[in-house]
Amino acid sequence: MCVIILATAKAYTRGANKCSKYFKTIVSYVIVAGTASGVGYATGHLFKRLMDDLGWFDTKPAPSLFTPEMISQNPAWASY
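In terms of the UniProt record's numbering, the sequence shown has 19 at position 19, counting the first letter as 1, and numbering is strictly consecutive.
What follows is the structure in structure tokens.
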């Protein structure tokens with residue numbers, strides 16, 4: 001949605017006086033934004049696969065600073 005608004009504003013500032021110029025500008029920017037988004041998504045997916053295959057990504061949860069015994073069952077600041 002933001003790309004469409006910005007493309008419309010750009011067409012307006014360039015002095016587009018026909019609807020076809022607005023349409024061309026909006027479509028070209030939407031296509032570029034969609035392509036960039038798709039390439040970024042695909043690259044992220046490939047990097048995730050690479051990290052999983054090489055074992056660089058650990059799926060275990062991070063260790064906590066608190067043990068279950070340290071967490072109080074009756075908090076001092078309670079809302080009633």
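All residues carry an ideal CB built from backbone N, CA and C; glycine is no exception.
Contact between the region 19-27 and the region 42-49 is not established, with fewer than three Cβ pairs separated by less than 8 Å. Judged by DSSP secondary structure, R14 falls outside any alpha helix (DSSP H); it is assigned neither H nor E.
In the DSSP annotation of this structure, the continuous segment of the alpha helix (DSSP H) that includes M51 starts and ends at 19-54. Taking all protein chains in view, the Cβ of A11 is crowded by 16 or more other Cβ atoms within 10 Å, so the residue is classified as buried. Remark: C-beta atoms of V39 and V3 do not approach each other more closely than 7 Å.
By the 16-neighbour rule on beta-carbons within 10 angstroms, A9 is exposed.
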